[in-house]
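Take a look at the structure set out below.
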Amino acid sequence: MESLAAVLGVFALLMLISLLSSKLSGIINMPCLLLFLVVGLVAGSNLLGQHKLMIDSTETANAIGTTAMAFILFSGGFDTNFKSIRPVLVTGGILSSLGVLLTALFSGIFIKILSLILMPEDYISFPWCLLLGSIISSTDAAAVFSILRSKSVSLTGNLQPLLELESGSNDPMATLLTLFMIGMVKLEESTGVSPSVYQYLYVIRDFLVKMSIGLLIGYLLGRAAVWLYNKINFDYNGLYYALGIVMILITFSAAESCWGNGFMAVYAAGIVMGNSHFVFHNGLGRFCDGLAWIMQAILFTMLGIMAEPSKVWEAKDFGLAVALFLMVVARPLAVALCMIGSQFNMRERLLTAWVGLRGGAPIMLATFTMIHKVEDSSFLFHIIFFIVLMSVLVQGMTIMPLANMLKLAGPLRRTLRMPLTFEETGDANSDFRELPVPKDRIGQSLKDIHLPGGVLVLLIRRDDRFVVPRGNTTLEANDVLTLMGTPEAIHESEEQLSREL
199 MESLAAVLGV FALLMLISLL SSKLSGIINM PCLLLFLVVG LVAGSNLLGQ
249 HKLMIDSTET ANAIGTTAMA FILFSGGFDT NFKSIRPVLV TGGILSSLGV
299 LLTALFSGIF IKILSLILMP EDYISFPWCL LLGSIISSTD AAAVFSILRS
349 KSVSLTGNLQ PLLELESGSN DPMATLLTLF MIGMVKLEES TGVSPSVYQY
399 LYVIRDFLVK MSIGLLIGYL LGRAAVWLYN KINFDYNGLY YALGIVMILI
449 TFSAAESCWG NGFMAVYAAG IVMGNSHFVF HNGLGRFCDG LAWIMQAILF
499 TMLGIMAEPS KVWEAKDFGL AVALFLMVVA RPLAVALCMI GSQFNMRERL
549 LTAWVGLRGG APIMLATFTM IHKVEDSSFL FHIIFFIVLM SVLVQGMTIM
599 PLANMLKLAG PLRRTLRMPL TFEETGDANS DFRELPVPKD RIGQSLKDIH
649 LPGGVLVLLI RRDDRFVVPR GNTTLEANDV LTLMGTPEAI HESEEQLSRE
699 L
């Protein structure tokens, strides 16, 4: 019992240090996720002597990492506004699929050439090089936006939704590529013959099948979850949040069991649920956001504990060369090819190419190589760890200057926290909604917009304050109305105001 208490105490202390370090990230222009890694790295290093932490089972670490990624991706999908990503669906889809493939290919070719230069006496197979390229091919937009938010800055135009869509949907592609390339590496190890070009083309089939199944299952179970929330009518409110956890796990498991991609399924289910109307919608969103942050802290701290500082240092030469190539050549070239003919101008393409920060996904994917006992998997893990550190340090600390130089940084419009929290529980015939004031209603008084009789305007959100509404209150630009009324009246108000936008 004492040992359990000690383990729980150390775990809680590490989480507390990691979460509190997020306040430091904005000051030093560094994503807090990197600080989570550093906390784990110190906790697992020899600096603590016999008190250092260790994770004995790679399988356990991989299971924890996979579960954490599922919750993180669901939360990312839940927070995604489908209306904002609709204009960039094509470009974002190309970047998250073909872009990942091209980045992996370019990186793999360079890694093979680099191995011949730095390690001519050691044979490193081309499939192994492509495996390393596949693992580092996905991006982490959360790291980018955490830096921007800390400086009260956002990206202009459609850049922000593009990067959100790309980063949310490219982890499934990177996972698929990683597992596929592990198969190619093991095939060469067992037969002694390098896979043919024809065998590599199977990845296209796997992509189409797994992603399609993942999307379909994610959509269907997302719709099923919305229906269930509106129909089940639990006696205890806490069960609605427990149901959310269960639906995430069921969605991931169902997709993987049906030869689909579980990560894509939970991301799609998150988008479906986040853009649907059901009871406890707002509460579930806040709950999943907090859960995702805990999962990120666990994931990054755990991965930091798994790394050995001495081995990370040994991988510095190889890792530095690959990191620089990835940042300066592979990612920009892949972005340039994928964005040919898109609506984005040269400045926007340049920033898109540079903000491809690597996050926890590549390090987590590296644990798959250990589970499958890929040759030199420990060396590969520490190379990837070094690449992620370099990416976050170099790109993370230069995002703001580059965005300002390219004139793509705009003021961040923060959403005020409501002085009252409204939640539709399904217990009463009433609904709540926040609706923006149409442009042609600006300057009019509240009584002149003629909302349906069954609707009451509770609050008006105006810039950095709230206004108590009265009939003669004059509406201003960017005002947002908080409405309460019957579902029918709220729906009528939505149609009326959206029609005038």
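Residue numbers (my numbering): 199 to 699. Here a beta-carbon is modelled for each residue, glycine too, at the ideal position from N, C-alpha and C.
| Check | Outcome |
| --- | --- |
| Less than 8 Å between C-beta atoms, sequence neighbours within five positions excluded: which residues of the same chain meet that for M500? | G238, I253, A259, I262, G263 |
| Which two residues bound the contiguous alpha helix (DSSP H) that contains E387? | 357 to 389 |
| Is the beta carbon of S643 sitting closer than 9 Å to the one on L681? | no |
| So, at 6 Å on beta carbons, what are the nonlocal neighbours of G274 in its own chain, with the 5 sequence-adjacent residues on each side left out? | G366 |
| What are the complete alpha helix (DSSP H) segments, minimum 4 residues, inside the region 269 to 353? | 280 to 283, 287 to 292, 298 to 316, 324 to 333, 339 to 348 |
| Between the Cα of T301 and those of D638, V533, A601, L353, spot the shortest distance and give me the residue it belongs to. | V533 |
| Measure the C-alpha to C-alpha separation of I479 and V678 and round it to an integer number of angstroms. | Looking at the sequence provided, one finds His at residue 479 rather than Ile. Roughly 19 Å separates the two Cα atoms. |
| Rounded C-beta distance between V407 and W457? I'm assuming under 8 Å. | 7 Å |
| According to DSSP, is T565 part of a helix, a strand, or is it coil? | helix |
| To the nearest angstrom, how far is it from the Cα of V526 to the Cα of I581? | 18 Å |
| Let me make sure I understand the geometry here. Which of W425, I647, L271 has the alpha-carbon closest to that of M462? | L271 |
| Can you list, in chain order, the residues of its chain whose CB lies under 6 Å from that of M445, leaving out five sequence neighbours each side? | A423 |
| Can you tell which of P393, I411, S540 has the C-alpha that lies nearest to the C-alpha of P370? | I411 |
| According to DSSP, E632 sits in a beta bridge with which residue or residues? | T680 |
| Does DSSP put T264 in a helix, in a strand, or in coil? | helix |
| Would the beta-carbon of F432 be found less than 8 Å away from any heavy atom of the ligand MG? | In terms of ligand content, the structure shown is empty, and the ligand MG therefore cannot be addressed. |
| Across the region 461 to 477 and the region 414 to 431, are there enough close Cβ pairs to call them in contact, namely three or more that are closer than 8 Å? | yes |
| Terminal residues of the continuous beta strand (DSSP E) containing L657? | 653 to 660 |
| Nearest to L486 by alpha carbon, out of A268, A204, G306, G242? | Before going on, a small fix: residue 486 reads as Cys here, not Leu. The residue with the shortest Cα to Cα distance from C486 is A268. |
| Can you tell me which of the three DSSP states S575 falls into? | helix |
| Give the secondary structure of A490 by DSSP, where H, G and I count as helix, E and B as strand, and everything else as coil. | helix |
| Tell me the DSSP bridge mates of T672? | S643 |
| Give me, in chain order, the residues of the same chain whose beta-carbon lies closer than 6 Å to that of Y439; leave out the 5 immediate sequence neighbours on both sides. | F485 |
| Buried or exposed, going by whether 16 or more other CB atoms sit within 10 Å of the CB of R284? | exposed |
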